[in-house]
Amino acid sequence: MRRNLLFKLFFLWLLFLQIPGIGQEKQLKLITGDFTKIPAEEFIRQIESRTQYKFFFIPSQLDSVEVNLKVKDLPIKAVLEQAFQNTGVEFVIDPQQNVFLFKGNSIITQLPTNLFPTAAIIAQSKVSASPIENKLKASVQEKPVLAAQENKVYEIGSRLASSRNSRATISGYVLNTVTGEPVIGASIITQTPGVGVNTDAQGYFSLVLPKGTHVLTLRSIGMKEAERRIILHADGKLDIHLYPQNTALKEVVVQAEAASNVKRLQMGIEKLDIQTIKTVPTVFGEADVLKVILTLPGVKSVGEATTGFNVRGGATDQNLILFNDATLYNPTHFFGFFSAFNPEVVKEVELYKSSIPARFGGRLSSVLDITTREGNKTKFTGSAGLGLITSRVNLEGPIFKDKTSFLFGARTTYSNWLLDILPGSSGFKGSKASFYDVNLNLHHKVNEKNSLALTGYLSKDESNLNTDTLFSYSNQNLSLKWQHQFNDRFFGDFTVGHDHYQYENYSEVAPVSAYKLGFGINQSNLKANFNYTLNQKHAFSFGGSSIYYTLQSGTYQPLGTESLIAGAKIPKEQAVESALYLEDNFTVTPRLSFSVGIRYSIFNYLGPQEVDTYAPNAPVTELTRTGTQRYGSGDVINTYHGPEFRLSGRFAFTENFSVKASYNTLRQYIHMLSSTTAIAPTDIWKLSDPNIKPQFGEQASIGLYQNLFSNVLELSLETYYRKISNYLDYKSGAVLVMNPHIETDVLTTQGNAYGAELMIRKTAGKFTGWLSYTYSRILLEQDDPNAGELINKGKPYPAPYDKPHDLVLVANQKVSRRLNFSLNLTYSTGRPVTVPIGKFYYGGSEKTLYSGRNSYRIPDTFRADVSVNIEGNHKIKQLTHNSWTLGVYNVTARRNPYSVYFTSDKGVIKGYKLSVFGAAIPFVNYNIRF
Amino acid sequence: MRISFLYLCYGLGILLLLGSCREPFTPELEPSEANMLVVEGYINLGQDAVTTIKLSRVQPVTKQTWEQRERGATLMIEQEGGSTYPLQEDSAGVYVSDPLNLPVQANYRLRIQTKDGRKYSSALVSGKESPAIDNIIWKWDPDGLGIYANSKDTQGNTQYYQWTYEETWEIHSPYWSKLVYRDRSMHVRPYEESAKMFICWGSAKEKDILIGSSANFSKDTISFPVTKMPHRSAKTKVRYSILVKQHALSKQEFEFLEAMKKNTSNLGSFFDPQPSELTGNIASEANPEEIVIGFVGAYTTSEKRFFIKREELPPFDMGEECPPIKVVAVPDSLHKYFDSGSYIPIDSTIVFIDDKPVLAFEGRFGICVDCRTKGTSERPDFW
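Residue numbers (my numbering), protein chains in the order written: chain A, 1 to 930; chain B, 1001 to 1383.
Shown next, in the form of structure tokens:
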């Protein structure tokens, strides 16, 4: 261990010794020798014995490295380069003929530039192409300064710079030192004065500080908390590298942004990283983004296996689901048994439910922003997972090292074989259930100021599961994003993309009635977002977006030659939705801050279209239709527009206690009409038109946040009140599928939602997890006789997704580094349903009498899931790392109803409740990383 | 859509080798939501108008029973500020008034007291004059023979209409039966009986609620397709007649009937309509929350009868399948074929067995010989 000690001593020596200049370096002896198949340490001993070079290294890093080399008259640099080619061993040679060998971690041989009058440039030896090269180059040249060390003082800007200004801007990137990826949303805080910012989507930050000495505290999910000491002389750049929380195996880490829920300006934001998501047990053992979202306060779903979710009394279509800026209309596979997001490529999930930043719009309830990782820019890696029903593979790596990377992820299910081996008598033979999804991300760093990201997503589902109908649906998304930094305080991004969702349902059971029912949504997007930091009090964001919609509103076609179905087609719909926004994050004092935003959105419904007109001040029915107005291609049929306000404020009473309040208004121009309340491949999406008004929502909320025990325990309580206008509910006896004048079958209702959300979360230690309780109500009302029939005599009635009580416990107990247990408990009130309560005869035929709208409830839901994660051994050097996940979903085997439905059979109406997982379901999942 | 998930659970259940997870679900109904009263009918105004009201009860969805009529109730028509007119139970659950002469310019309500003593009444409605039916026409539409009622209200007051109809058509049996098999032997059928089996009249009523509105037209005129039959229909084989009754509706009653019309006993597939709610104008006097189904309006009835003769229509032939059987005059054979009535003897005939003539009887399907299986042999008085 002599060398180890020397290694440490070297740094001390480096810090306190005067370093000779470059010119003093003398010509060194060339090396000749035969080093065939010898251990690295032996090789080093031989070199040391023949030259004056002294080697420093950590023996354990080299003990598995072998050298196989024959050289003649080569300089030391070339010899080492050849010797350690493809071993991951990197080296630095300093002018004193010291050679430092290391793996993985970077060494900075540069001193703080102001430590000595002459800038000491020590390292200049070429290192195998690795980030180190750039980092060293960067530090050797001018900016940005790379700050990877805590106990070092970094000097920003020239101390000779004119000092008229008492303040200066420091900006740069925060990067993950292992993958080279930017760290998004990291908080950078100085204690004196109490100023802080978060890094943006490119890992970029910009902070205005008084000149002088500062300590920057960096915090980010999944990264080790870090401090950097700086001396700020003038505007300058500082790139900061953070270490992942656990670099060895990326093992399960539940790490919240410490203290962030108290300090963050926005409220009602839930942020989860993929590591947290992976600890929550799910059915089939597959980490599921949306299932974890459902454990958060204020988020509910109508049934166990539905992934459409309801936020604060909002409908499933009132959530904007963004997957790398692409809008997903059906975020699920298999009718909702799996979410459509491959957990291996997801980096982070943010759910905005009360203060929605002005850059988002178009939906009333929430924004779910899912971002995927960038591919590893330094080396090829991959992972694979095997489950009972699904498998996945994930590959990533550089295309051009340090410049361009790719990330590829794919999942598929292979349950069809299982269905095929069933005996014919089971009745399920030949059932189909298949899906796949593919992610491909390319990221290219053009230069320090420009980068490009191309992301593609494709998913396809096909299942019949023994119904006579084959349900098939697909998402296709492609987007290109250009990120540009204008200067230290001003940067922007520009996105162009296309999103497509479609479904096609087939039924061929009876040739005479075989049909194909299709529906599709296309949207092309343009977005531009800018961020400008004026000073430490004001940070502006502004921009605009435009979406061009084309809806294939429905086709119903005969299938096969024998089919007698008369085909029908509902004309396409077109519209443009555009918006401009401006938002100011105003920090009055470190304790008091505001965010003030306005968004102005405009919606144009476009031709070609035939729009029916109806008698004014009368219910819209087929009988009050007065005519049809025809519009040509490109005609603007009508326009809706209006401002949306996004206001929020925070006051921190103490370091650990704050109060936040927010008020939002939102507009939604696209509506989903569903007879299921969940998102299903039979839903109709409809654009606002002259007969269907846009939905309008406003929300006021207030929250209290308290962190205890050095932020280990987070408590939060939020309450809200929402008003929703023009939410569509169906009329009695409405037919939604293939209805050419759907406005005659829907009613606009007014909604009132209110609730409280309590959350206790433990973020550190061996035991982590959260307990959340939500009380929420959503009542709709249709009391305008002129608008059509009254629902429930005009009294408020619960929306079909009104579930007042909801309690979730997510717990994770770490036993050792290789073993941890997870528990997930869920209780919620059953959702309301309309049930048939009787039958009678009228007008010569049998009729059904229904209860008041949504006046009954399905039974309450309770479920407990457990799982164990077992990691393979922690040796770094092995071909693959593997892990097992074992568990039981629904341990108590309670038959939680997923839905209830009624069917008439031989003159009797029978009710059934359907539990999807009516038993305890064991699962096992095997994961490999390489 | 509700039902399309029906087997999903099975499917996944099997996938995981778990078996079924579909269980019966019978919501526990509130007592107020069982056995509700259903009232069907209207107060018929005008000259010698007979009001007919039918009372029945809502049945539990789980019961496989036919309509449960409400018997033994007391009903009366009340004219606001005037007299009351009782109804008598005519057949089970059907209550009729005497021919009355109620004026249009008045307000009316129906009062009901059921056998168990509960009292119900409909909201006061103002009487409405129904416009006369201008004419009834037929059209040889591509999808069949359509019968249309044309009407107009020059005052523009009506806007909402309801129709009912009674169809009658003459039926001729393809074969005349001279014989009858009775008491295990063949007899000559009396001529009168043969004639009754040869000419009959079928009838039918509307099977659905027929409502229409001129609310969206610039004039209060309406041409309503009352019924439609195939081009080759047995109804028009000889002669067809339809009596169309028309009455005006209030807007509220129209909306009630519109919802009722959309309500079906079909449940389940995603092409089926959503549940509908029915809010009528009848309430319990003791408990305003009690659900009563029905809307009782008051209006005059206008009616018109219309005939179509076969010769008026484009030619068509009715292929009828009436293959003959010839049964040898052996008691056992005759008994086997003619006793049940599924074959009816027409005439005697001769068959040859081993080149020897043998007495036999020709028979045809009962429906080819006895039209009383399709209608009544009583000639309607308007025929």
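For glycine and all other residues, C-beta sits at the position ideal for the given N, C-alpha and C. As the structure is a computational prediction, the values presented were derived from the model and not from experiment.
Original post:
Quick one: does Ser931 (chain A) have its CB under 7 Å from some CB of chain B?
Top reply: Here chain A covers residues 1 to 930 and nothing more, so residue 931 (chain A) does not appear.
Subject >> DSSP-derived helix/strand/coil call for Ile1014 (chain B) >> reply: Along the second sequence, read from residue 1 onward, the residue named residue 1014 (chain B) stands at position 14. Caution applies to Ile1014 (chain B), whose pLDDT of 40 falls short of 50 and renders its modelled position unreliable; the value that the coordinates give is listed next. Secondary structure at Ile1014 (chain B): helix, using DSSP grouped into helix, strand and coil.
Original post:
For a contact meaning CB atoms closer than 7 Å, what does Tyr842 (chain A) contact in chain B?
Top reply: Reading the first sequence from its first residue, position 842 is the one you call residue 842 (chain A). Chain B residues near Tyr842 (chain A): Val1038, Glu1040, Met1260.
Subject >> Asn1263 (chain B): contacting residues in chain A (beta-carbon distance under 7 Å) >> reply: Start at 1 with the first residue of the second sequence, and residue 1263 (chain B) comes out as number 263. Going along chain A in sequence order, the residues near Asn1263 (chain B) (Cβ under 7 Å) are Gly733, Lys847, Thr848.
Original post:
Pro1324 (chain B): buried (16+ other C-beta within 10 angstroms of its C-beta) or exposed?
Top reply: Walking along the second sequence from the start, residue 1324 (chain B) turns up at place 324. Counting C-beta atoms within 10 angstroms of its own C-beta, Pro1324 (chain B) has fewer than 16 neighbours from the protein chains shown and is therefore classed as exposed.
**OP:** With Lys77 (chain A) as the anchor, note down where its alpha helix (DSSP H) starts and where it stops.
**Re:** By one-based count along the first sequence, residue 77 (chain A) stands at place 77. Residues 76-83.
Subject >> Nearest residue (CA-CA) to Tyr1161 (chain B), options B:Thr1221, B:Lys1205, B:Lys1178, B:His1172 >> reply: Position 161 of the second sequence holds residue 1161 (chain B). Selected option, being the one with the closest Cα: B:Thr1221.
Subject >> Contacts that Ile791 (chain A) makes with chain B (C-beta to C-beta distance below 9 Å) >> reply: Sequence index remark: in the first sequence, residue 791 (chain A) carries index 791 (1-based). For Ile791 (chain A), the chain B residues whose Cβ falls inside 9 Å of its Cβ are Glu1277, in order along the chain.
Original post:
According to the neighbour-count rule (16 or more other Cβ atoms, all chains shown, within 10 Å of its Cβ), is Trp1140 (chain B) buried or exposed?
Top reply: Locating residue 1140 (chain B) in the second sequence gives position 140, counting from the first residue. It counts as exposed.
Original post:
Ala453 (chain A) by DSSP, collapsed to three states: which one?
Top reply: Start at 1 with the first residue of the first sequence, and residue 453 (chain A) comes out as number 453. Reduced to three states, the DSSP call for Ala453 (chain A) is strand.
**OP:** Take Leu1145 (chain B) as the anchor and find which of B:Ile1043, B:Pro1225, B:Glu1362 has the nearest alpha-carbon.
**Re:** For the purposes of this step, residue 1145 (chain B) is identified with residue 145 of the second sequence, where counting begins at 1. The residue with the shortest Cα to Cα distance from Leu1145 (chain B) is B:Pro1225.
Subject >> Local conformation of Thr179 (chain A) per DSSP, three classes >> reply: Taking the first residue of the first sequence as 1, we reach residue 179 (chain A) at position 179. In the structure shown, the three-state DSSP call for Thr179 (chain A) is coil.
**OP:** Can you pull the chain A residues whose beta carbon is under 9 Å from the beta carbon of Leu1029 (chain B), in chain order?
**Re:** Counted from its first residue, the second sequence places residue 1029 (chain B) at position 29. Within chain A, the residues near Leu1029 (chain B) are Val835, Ile837, Gly838, Ser851, Tyr856.
**OP:** Would you verify that the beta carbon of Gly911 (chain A) is, or is not, closer than 7 Å to some beta carbon of chain B?
**Re:** Translated into the one-based positions of the first sequence, residue 911 (chain A) becomes position 911. Interface residue, yes.
Original post:
Is the CB-CB distance between Met672 (chain A) and Asp317 (chain A) below 7 Å?
Top reply: Residue numbering aside, residue 672 (chain A) sits at position 672 when the first sequence is read from its first letter. Residue numbering aside, residue 317 (chain A) sits at position 317 when the first sequence is read from its first letter. It is a contact, given that the beta carbons lie within the stated cut-off.
Original post:
Secondary structure at Gly497 (chain A), three-state DSSP: helix, strand or coil?
Top reply: Translated into the one-based positions of the first sequence, residue 497 (chain A) becomes position 497. Strand.
Original post:
Exposed or buried, Asn617 (chain A), counting other C-beta atoms within 10 Å across all chains shown (16 or more means buried)?
Top reply: As a position in the first sequence, residue 617 (chain A) is number 617, starting the count at 1. Classification for Asn617 (chain A): exposed.
**OP:** Run down chain A in chain order and give the residues with a C-beta less than 9 Å from the C-beta of Val1058 (chain B).
**Re:** The sequence position of residue 1058 (chain B) within the second sequence is 58, counting from 1. Simply Ile837, Gly838, Lys839, Phe840, Leu849.
**OP:** Tell me, to the nearest whole angstrom, how far the beta carbon of Ala1259 (chain B) is from that of Glu789 (chain A); I am working on the premise that it is less than 8 Å.
**Re:** Your numbering for residue 1259 (chain B) matches position 259 in the second sequence. Your numbering for residue 789 (chain A) matches position 789 in the first sequence. Contact annotation, Ala1259 (chain B) with Glu789 (chain A): C-beta distance approximately 7 Å; criterion of less than 8 Å satisfied.
Subject >> Distance CB(Asp437 (chain A))-CB(Ser459 (chain A)) smaller than 7 Å >> reply: Counted from its first residue, the first sequence places residue 437 (chain A) at position 437. Counted from its first residue, the first sequence places residue 459 (chain A) at position 459. In this structure, Ser459 (chain A) lies closer than 7 Å to Asp437 (chain A) by Cβ.
Original post:
In three-state terms, what does DSSP make of Pro800 (chain A)?
Top reply: Walking along the first sequence from the start, residue 800 (chain A) turns up at place 800. In the structure shown, Pro800 (chain A) sits in coil (DSSP, three-state: anything other than H, G, I, E or B).
Original post:
Under the DSSP definition of a beta bridge, which residues are partnered with His641 (chain A)?
Top reply: The residue you call residue 641 (chain A) lines up with position 641 of the first sequence. In the DSSP output, where bridge partners are listed per residue, His641 (chain A) has A:Ile602.
Original post:
Whole-angstrom Cβ separation of Ser479 (chain A) and Ser434 (chain A), contact assumed at under 8 Å?
Top reply: Here residue 479 (chain A) is taken as the residue at index 479 of the first sequence, counted from 1. Here residue 434 (chain A) is taken as the residue at index 434 of the first sequence, counted from 1. The Cβ separation is near 26 Å, so there is no contact.
**OP:** Quick one: grab the DSSP three-state call for Pro1331 (chain B).
**Re:** For the purposes of this step, residue 1331 (chain B) is taken as the residue at position 331 of the second sequence. It is helical.
Subject >> Neighbour flag for Thr624 (chain A) against chain B, beta carbons, 7 Å >> reply: Along the first sequence, read from residue 1 onward, the residue named residue 624 (chain A) stands at position 624. The C-beta of Thr624 (chain A) comes closer than 7 Å to at least one C-beta of chain B.
Original post:
Is there contact here, the segment 511-519 of chain A with the segment 555-574 of chain A, by at least three beta-carbon pairs under 8 Å?
Top reply: As far as the Cβ criterion goes, the segment 511-519 of chain A touches the segment 555-574 of chain A, which means the pair count is three or higher.
Subject >> Proximal residues to Ile602 (chain A) (C-beta, below 6 Å), its chain only, five neighbours per side dropped >> reply: Taking the first sequence and counting its residues from 1, the one referred to as residue 602 (chain A) is at position 602. Non-local C-beta neighbours of Ile602 (chain A) in its own chain, meaning closer than 6 Å and more than five positions away in sequence, comprise Ser578, His641, ordered along the chain.
Original post:
Using a C-beta to C-beta distance shorter than 8 Å, which residues of chain B count as neighbours of Arg630 (chain A)?
Top reply: Against the first sequence, residue 630 (chain A) aligns to sequence position 630. Among the residues of chain B, none has a CB under 8 Å from the CB of Arg630 (chain A); the nearest is roughly 18 Å distant.
**OP:** Within 10 angstroms of the Cβ of Thr1051 (chain B), are there 16 or more other Cβ atoms? Answer buried if so, exposed if not.
**Re:** Here residue 1051 (chain B) corresponds to residue number 51 of the second sequence, with the count starting at 1. Buried, since its Cβ has 16 or more Cβ neighbours within 10 Å.
Subject >> Continuous beta strand (DSSP E) stretch holding Ala924 (chain A): start and end >> reply: Against the first sequence, residue 924 (chain A) aligns to sequence position 924. Checking the sequence, you will find Val at residue 924 (chain A) rather than Ala. Segment 921-929, the beta strand (DSSP E) holding Val924 (chain A).
Subject >> Closest Cα partner of Met1036 (chain B) within the set B:Phe1338, B:Thr1301, B:Thr1154, B:Asn1287 >> reply: What you label residue 1036 (chain B) is simply residue 36 of the second sequence in a count that begins at 1. Comparing C-alpha distances from Met1036 (chain B) to each of B:Phe1338, B:Thr1301, B:Thr1154, B:Asn1287 shows the shortest one belongs to B:Asn1287.
Original post:
Using a Cβ-Cβ cut-off of 8 Å (strictly less than) and excluding sequence neighbours within five positions of Gln989 (chain B), which residues of its own chain qualify?
Top reply: What is shown of chain B runs 1001 to 1383, which leaves residue 989 (chain B) out entirely.
Subject >> CB of Thr951 (chain B) within 7 Å of CB of Asn1044 (chain B), strictly >> reply: Here chain B covers residues 1001 to 1383 and nothing more, so residue 951 (chain B) does not appear.
**OP:** With 7 Å as the threshold, decide whether the Cβ of Thr1227 (chain B) is near any Cβ in chain A.
**Re:** Taking the second sequence and counting its residues from 1, the one referred to as residue 1227 (chain B) is at position 227. No - not a single Cβ of chain A is within 7 Å of the one on Thr1227 (chain B).
Original post:
Does the segment 1189-1206 of chain B come close enough to the segment 1121-1130 of chain B to have 3 or more Cβ pairs within less than 8 Å?
Top reply: Contact fails between the segment 1189-1206 of chain B and the segment 1121-1130 of chain B, because fewer than three Cβ pairs, one in each stretch, are under 8 Å apart.
Original post:
Which residues in the same chain have their Cβ closer than 6 Å to the Cβ of Ile189 (chain A), if we skip the five residues on either side of it in sequence?
Top reply: Taking the first sequence and counting its residues from 1, one reaches residue 189 (chain A) at position 189. Closer than 6 Å at the Cβ level, and outside the excluded window around Ile189 (chain A), lie Gly196, Thr217.
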